[in-house]
Structure formats: structure tokens, C-alpha cells
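Here is the structure we will look at.
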Amino acid sequence: MLLGPDGVRTVKGGVVWRFSDEPSGWEVALAPEFLALATSRYTDRGDFLARLKQIVEALETWLRPSRARRLGVRYIDRVQKPEHLARLRDLVRPEVLGPFGVARPETVELSNSLTEVNYSFSDQSALKARWGYLEPRTTFDPAIAPVDDASWVLDLDASHGEREFDSAAIVDQVQLFSDRIYRYFRWVVTDDFLTSHGAAAL
């Protein structure tokens, strides 16, 4: 079932094979319509690209697809610890805070705040950037699991439409998307954000 502006409609289901390595947090999902590589414990881009290259090359050898309908790279970051949320004004740019950064009377509480920005590029690719403050047990996307505490989420999704299927070109495009997403991420967050989460400031 899918709930949207037009009400509830039934969505046809399908078989999805999932191959996961729980200790490392990696998962590969394969269905008739898509292949996805995901992790909840991202370390660095080189590791991600090496794993993706192996999977895409195996798919190309095994199934020999001629076209890729969509290629996308998505990064989701969540600030959840109360001590970090209390300092969010120090962790992200003022332009991004929106209503969260505006002083409110003590009798007024911000429940949810969500911003969405869409960019188009000359190479026919796109970047969707969404961010916002979520109250406990709330989400704005099925891919973002609700949590028991309030949180601030940054969701960056770079993609392009149908292209010829070529494993080498796909890996190169994923690297370009990853670079683009990281540049946007670094624009959003401050050096304080990086050090607060165990990374070195650049």
C-alpha cells in the first residue's frame, strides 16, 4: 500500500533478494528492476567504489543488461544525540537551519521542519537535497527509518536517467556523484560538525 496525495493505492510487490553481512553493515539487494548496494557503516569512498565495481561487473557478466534506467547515489546523515542537537546551530550553516535556527517563545515547540531543493546539471543529471528536524518516531521517506528520539536529517540523492549499461562508466559516474554529494555536504556542515563526529576538520 502507498499513501500519497491521491489517497491509498495498491502497489504491486515483487521478489527482492538481499545478501547482507551484518557485522560490517553491508547489504546488496537484487530485484528484477534494480540492483542496490547499501551500508549503515560507511567508512570511505574507495571502499564503497571497490565493492560497487565488483557487484556491477558481476551483474554485467551474468545478465548482460543493455540499459540502465536510473543510476543514483544517496547519502543520509542523521544528527540524533541530544548534545549534538542542542548545538546544531554550531554544526550546520545558518542558511540550512531554517525555522530551527529562529528563536521561539518558550511556549512554542517546533515539531517538524523539512526543506527540499532540486538541482539540474548540464550532463542531464540531478541532485535532490532534503534536510530537516524530525520529532520522535517521524520520517519523511520510507528509506529513512523513524527513531525514538528527535533528530536532524540530511538526505542527498544524485542521479541520472536512462543510459547504456557499462560497468566502468557506472563506477565512474558513481564517483562523480559521490564527489558532488560530498561537496554539498561540506557546504552544509561546519568543521565543528566533523570534529564532533570523530572526523578531522579540513
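For the sequence shown, the working numbering gives the first residue as 94, with consecutive numbering after it. Where is the CB? At the ideal position from N, CA and C, for every residue including glycine.
Residue i, buried or exposed, once every other Cβ within 10 Å from all chains shown has been counted against 16
{"i": "G225", "result": "buried"}
{"i": "M94", "result": "Confidence in M94 is poor, its pLDDT being 39 and thus under 50, which makes the residue's placement unreliable; the coordinate value appears in the next sentence. So M94 counts as exposed."}
{"i": "L227", "result": "buried"}
{"i": "D216", "result": "exposed"}
{"i": "S113", "result": "exposed"}
{"i": "A222", "result": "buried"}
{"i": "D248", "result": "buried"}
{"i": "W280", "result": "exposed"}
{"i": "S201", "result": "Contrary to the premise, residue 201 reads as Val rather than Ser in this sequence. Result: exposed."}
{"i": "V210", "result": "exposed"}
{"i": "F214", "result": "exposed"}
{"i": "F270", "result": "buried"}
{"i": "V195", "result": "exposed"}
{"i": "F127", "result": "exposed"}
{"i": "T288", "result": "exposed"}
{"i": "L96", "result": "With a pLDDT of 41 at L96, under the threshold of 50, the modelled position of this residue cannot be trusted; read the value that follows with caution. Label assigned to L96: exposed."}
CB-CB length for residue i against residue j, believed under 8 Å
{"i": "Y277", "j": "L220", "result": "7 Å"}
{"i": "V246", "j": "V185", "result": "Not a contact, Cβ separation roughly 11 Å."}
{"i": "I148", "j": "V108", "result": "In fact, because the Cβ distance is near 18 Å, the residues do not count as touching under 8 Å."}
{"i": "L145", "j": "V264", "result": "6 Å"}
{"i": "L181", "j": "A243", "result": "At roughly 11 Å, the Cβ-Cβ gap does not stay under 8 Å, so L181 and A243 are not in contact."}
{"i": "T232", "j": "A238", "result": "7 Å"}
{"i": "D285", "j": "D183", "result": "5 Å"}
{"i": "L123", "j": "W110", "result": "5 Å"}
{"i": "L156", "j": "V267", "result": "Not a contact, Cβ separation roughly 19 Å."}
Counterpart residues of residue i in DSSP-defined beta bridges
{"i": "H253", "result": "L164 and S218"}
{"i": "A122", "result": "R111 and A129"}
{"i": "D248", "result": "I169 and R223"}
{"i": "P282", "result": "Rather than Pro, the amino acid found at residue 282 in this sequence is Val. BP columns for V282 point to V185."}
Near the ligand GDP: residue i beta-carbon under 7 Å from a heavy atom
{"i": "G291", "result": "The ligand GDP is absent from the structure shown, which contains no ligands of any kind."}
| message | Any contact between the stretch 137 to 152 and the stretch 205 to 222? By contact I mean 3 or more CB pairs, one from each, below 8 Å. | response | no
| field | Three or more C-beta pairs below 8 Å linking the stretch 248 to 268 and the stretch 186 to 202 | value | no
| Are the stretch 239 to 253 and the stretch 153 to 169 touching, with three or more C-beta to C-beta distances below 8 Å? | yes
| said: Please give me, in chain order, every unbroken run of the alpha helix (DSSP H) with length at least 4 that falls completely inside the stretch 131 to 214. | reply: 138 to 156, 175 to 178, 181 to 184 and 187 to 190
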